[in-house]
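Let me begin by presenting the structure, written as structure tokens, before commenting on it.
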Amino acid sequence: MQRSRRAAAASAAGFALRALRSIAGLVCLVFAGAYQLRVMTYFLPRLVADRHIWPAIYYGFWLIAVCTTLAVLAFRQDILKRTLPVLILCALASALPFVHEIDQITKIFFVAMGFFACAAVLSVLVDPLTVLRISALATVAGAVICLVDVLFASGRAAGLSIAPNVAAAALLLGSSAAYLSIPARWLGYFLLIVGAALFVTLSKSTLLAACGIFAIVVIGNRLQRLRFPRFAWRPHTLVALGLVAWIGVALSTNDRFVFATSNAYRVFSNAVPASQAARSTIEKAVTLASADPDVMPTEALIAEIGRRSETESDVNSISARWLLMERAWLVFKGEPFSGLGFASAYALEPHNTFLLFMLAFGPIGLLVPLAFLAVIAYPAIRFKSISLSALPMAAFAVLMTSHNMLFDPGLLAPLAFGWAGAAVAGAALADQRTWPGSQ
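Using this note's numbering, you'd call the opening residue of the sequence shown number 142 and step up by one each time.
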């Protein structure tokens, strides 16, 4: 009798676990498609316009995701222990904004932290390598859409992301998180397609970061005498030539892309002179407005930088970004400890996540992005793997050049999936005596 009860209990527990795993897999699939691939962007207007069906679907999905996550944490103590650093990080990061008024930006941050925690926990339950391959498919799909978009876009390709820089950041994070999970025979094609898509976004900082990360990973593995899979050069060369031809077609048929490409080169080459000219103009304007020519009030300087930055993006986008970062730094120096809160800090557009959190919460706010970097980088440090370091390097690059990453589930999805893969299967991913993606 007792044996039959135990068998029935074990059968019920096994069924419940399989059901949880199936639901978690579907949630991760939606996370990758709706958020990382940004299909959700095209459903948001319906969510706003329709007050009945679409909100029920949206909030119903989130209810399922949260309840499934809580059930996993309650019944799987091993997963709770493994994901505890992520859960603590998200909880503490979500507690910090309560020192200021809860505004709309803060609510978006709460959703992003909940998304990151759910994605990390559920991908550990399902199978991190499988989820990473789904993330890789989302990355490739986004890259293909960008390559198609360049034929029709008004300049730079953005795909489903709307903003080209966001599309580039998503491609960088997605490829850095998932490339180790890809079977060896497909890795070269994956890198070629994503690299071509990165190029057509014309995001200069992201392109530089991608080239740097690729060089560090390749050279680091060569120095450690770890081998990459051998590529069949003929088909890879054909694919590369096909991508070059595709971009050539875009350059010959899309005048706006031609202008955007030439403008990107001009902006990059003239960034320093443009910044010096803008700085000189700002200093002259503030000096003329000041009663004492030797004194440059910080408030007047901040105001003049704000006025100049409104038009500087038409002159040189890199120079405009430097001006915005300088303005944010000057504001922080004026309010070094109390912080401004998320809404005021976000309105200053610092284009740097570290600076954004310092503006919002003072020096203690710097701990939030640093803690995220530490959690993402820990598996690479633990396994002493250059290959696993691609994701933390990509995350650092995006944190340095954007203030959106910790608010955007589409950018957090590959971070969560990549962390889960590295934390659970890090030993296999770090061991390149055989290519991990082939296992």
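We put the beta carbon where it would ideally sit given N, CA and C, even for glycine. Nothing here was measured: the structure is a model prediction, and the numbers come from that model.
A distance below 6 angstroms between beta-carbons, with the five flanking residues on each side excluded, links L497 to the following residues of its chain, in chain order: A486, P491, H544. Unbroken beta strand (DSSP E) runs of no fewer than 3 residues, entirely contained in the segment 522 to 574, are not found.
The alpha-carbon separation between P550 and L349 amounts to approximately 24 angstroms. For W463, the number of other beta carbons within 10 angstroms of its own is at least 16, and it is reported as buried. Here P491 carries a coil assignment [DSSP, helix/strand/coil]. Between the alpha carbons of L313 and L552 lies a gap of roughly 10 angstroms.
By the neighbour-count definition (other C-beta atoms within 10 Å, threshold 16), T378 is an exposed residue. Cα atoms of A563 and A521: separation of roughly 8 angstroms, rounded to the nearest angstrom. With a cutoff of 8 angstroms on beta-carbon distance, L471 and I505 are scored as not near each other. Of Y330, A258, L292, F239, the smallest CA-CA separation from L278 is found for Y330. Counting only unbroken stretches of 4 or more residues, the alpha helix (DSSP H) elements lying wholly within the segment 173 to 235 are 185 to 190, 194 to 216, in sequence order.
One alpha carbon belongs to V358, the other to I527, and they sit about 6 angstroms apart. Taken through DSSP and simplified to helix, strand or coil, I334 comes out as helix.
Counting only residues of its own chain and dropping the five nearest sequence neighbours on each side, S346 has a CB closer than 6 angstroms to the CB of T542. Nearest in C-alpha terms to F558, of all of D219, W195, M181, T271, is T271. The Cβ neighbour count for C352, taken over all protein chains shown within 10 Å, is under 16; the residue is labelled exposed.
Inter-segment contact for the segment 151 to 170 and the segment 208 to 216 is present: three or more beta-carbon pairs are separated by less than 8 angstroms.
The segment 229 to 244 and the segment 174 to 191 do not touch, with fewer than three beta-carbon pairs separated by less than 8 angstroms.
In this structure, DSSP gives N395 a state outside helix and strand, which the three-state scheme calls coil. Relative to A309, the option among A512, V385, I334, A412 whose CA is nearest is I334. F251: member of the alpha helix (DSSP H) spanning 245 to 267, first to last residue.
Put simply, the backbone Cα of G336 is about 19 angstroms away from that of P533. Spanning the alpha carbons of L384 and V289 requires a straight line of approximately 11 angstroms. Residue state for I517 is assigned as helix, using DSSP reduced to three classes.
At a Cβ-Cβ threshold of 8 angstroms, F400 and A391 do not count as neighbours. For L314, the enclosing alpha helix (DSSP H) stretches over residues 305 to 319. Distance from the CA of A304 to the CA of M499, rounded to the nearest whole angstrom, comes to 25 angstroms. Judged by DSSP in its simplified three-state form, I505 adopts helix.
Burial state of R274 is buried, judged by a 10 Å Cβ sphere holding 16 or more other Cβ atoms. A contact between stretches requires three or more CB pairs, one per stretch, nearer than 8 angstroms, and the segment 221 to 231 meets this requirement with the segment 250 to 262.
Of the candidates F478, L339, R468, R468 places its Cα closest to the Cα of L489. In terms of Cα proximity to T182, the closest of Y320, A299, L221 is A299. Listed in chain order, the non-local C-beta contacts of K474 below 8 angstroms within the same chain comprise T439, local neighbours out to five positions each way being set aside. Between G315 and S344 a beta carbon distance of about 14 angstroms is seen, past the 8 angstroms cut, so the two are scored as non-contacting.
Going by C-alpha positions, I249 is about 34 angstroms away from R420. Nearest in C-alpha terms to V516, of all of A561, A282, A566, is A561.
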